[in-house]
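For the sequence shown, the numbering used here assigns the number 154 to the last residue and increments by one with no breaks.
Even for Gly, the Cβ is constructed at its ideal location relative to N, Cα and C.
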Amino acid sequence: DAAAGSLLARARWLASALPELGLPPLDDLTLGGMLESVCHGLRGLDEIPSADWWTPIVGMVGAARIAEIERLAPARIDVAGRSRPLLYETDDSAPARPPVLAVRIQELFGVRETPRVAGGRVRVLLHLLGPNMRPQQVTDDLASFWATTYPVVRKELRRRYPKHAWPDDPLA
């Protein structure tokens, strides 16, 4: 269930990034405890990934906390009028890494500040893509990128992609 997987990743990330929220643990041990209810009525192991994980997760976390997760760690974020997915990754042995937004550089023309999540406390890590959808730069400080790095990157992008517009002032 993709929706449950996204919710789980965001809840785990939020629990790691903002432990003061006191979100219930959604670790592997807890999910293992949900297996019996999730697997009830299934005929084979191949059905587990597509089973209804959403209902038991909502039952454990609660509808009010789900709304809080949706608000603080959205699955998608609007950038320049388009909704883009965010990727949340967690590693139990390390502090929470910021969520990742992969977006073409041109779509950020006119955007001054790095998008934020967690009530404005965490900057999104931007993977800035070229026209070929391959990463050109990674930053969590868009203002600094425009001021210092973009002029250098712009020269290379203009050479490789002459049919695309690469303005001198990307914020105009």
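Cα-Cα, which of 91, 12, 112, 4 is closest to residue 150?
Here residue 150 corresponds to residue number 168 of the sequence shown, with the count starting at 1. Looking at the Cα atoms, 91 is the closest of the given residues.
Short of 8 Å in beta carbon distance, which residues of its chain neighbour residue 20, apart from the five on each side in sequence? Order them along the chain. What you label residue 20 is simply residue 38 of the sequence shown in a count that begins at 1. In the same chain as residue 20, and ignoring 5 residues on each side of it, the C-beta atoms closer than 8 Å to its own belong to 30, 33, 34, 35, 38, in chain order.
What is the residue span of the alpha helix (DSSP H) that residue 39 lies within? Locating residue 39 in the sequence shown gives position 57, counting from the first residue. Note, residue 39: alpha helix (DSSP H), 36 to 43.
Cβ contact (3+ pairs, closer than 8 Å) linking the region 6 to 18 and the region 60 to 68: no
| query | Would you report the Cα separation of residue 54 and residue 100, rounded to the nearest angstrom? | reply | By one-based count along the sequence shown, residue 54 stands at place 72. By one-based count along the sequence shown, residue 100 stands at place 118. C-alpha separation (whole angstroms): 4 Å.
Do residue 104 and residue -3 have their beta-carbon atoms positioned less than 8 Å apart in this structure?
Looking up residue -3 in the sequence shown gives position 15. Looking up residue 104 in the sequence shown gives position 122. The answer is no: Cβ separation not under 8 Å.
Checklist line | Run of the beta strand (DSSP E) containing residue 57, from where it starts to where it stops | finding: The sequence position of residue 57 within the sequence shown is 75, counting from 1. First-last for residue 57: undefined, no H or E at that position.
Q: Could you tell me which residues DSSP pairs with residue 65 in its beta bridges?
A: Counting from 1 along the sequence shown, the entry for residue 65 is found at position 83. According to DSSP, residue 65 bridges with 60.
* Asked: Can the beta-carbon of residue 124 be found less than 8 Å from the beta-carbon of residue 93?
  -> Here the question's residue 124 lines up with position 142 in the sequence shown. Here the question's residue 93 lines up with position 111 in the sequence shown. Result yes, Cβ atoms of residue 124 and residue 93 sit closer than 8 Å.
- request: Please report how far the alpha carbon of residue 42 lies from the alpha carbon of residue 6, in whole angstroms.
  value: As a first step, residue 42 must be located in the sequence shown, where it is residue number 60. As a first step, residue 6 must be located in the sequence shown, where it is residue number 24. Cα-Cα distance, rounded: 8 Å.
Check your understanding: With DSSP run on the structure shown, which of helix, strand or coil describes residue 105?
Key -> Looking up residue 105 in the sequence shown gives position 123. Strand, per DSSP.
Item to complete: Count the other CB atoms, across all protein chains shown, that sit within 10 Å of the CB of residue 116; report buried if there are 16 or more and exposed otherwise.
Response: Reading the sequence shown from its first residue, position 134 is the one you call residue 116. Burial call: exposed.
Exercise. Helix or strand or just coil, what does DSSP make of residue 47?
Worked result: Counting from one through the sequence shown, the residue named residue 47 turns up at place 65. The three-state reading of DSSP puts residue 47 in helix, counting H, G and I together.
- [ ] Please confirm if residue 122 has its CB atom under 8 Å from at least one CB of chain D.
- [x] Annotation note: the requested chain D is absent from the structure, which comprises a single protein chain.
Worksheet item: Using the C-alpha atoms, what's the distance from residue 148 back to residue 139?
Response: Taking the first residue of the sequence shown as 1, we reach residue 139 at position 157. Taking the first residue of the sequence shown as 1, we reach residue 148 at position 166. The straight-line gap from Cα to Cα measures roughly 8 Å.
Q) Residue range of the beta strand (DSSP E) that residue 172 falls in? A) Residue 172 lies beyond the stretch modelled for the chain, which goes from -17 to 154, so this question has no answer here.
Next item on the list: Could you tell me if residue 133 is buried or exposed, where buried requires 16 or more neighbouring beta carbons within 10 angstroms of its beta carbon?
Entry: The residue labelled residue 133 in the question sits at position 151 within the sequence shown. Under this definition residue 133 is an exposed residue.
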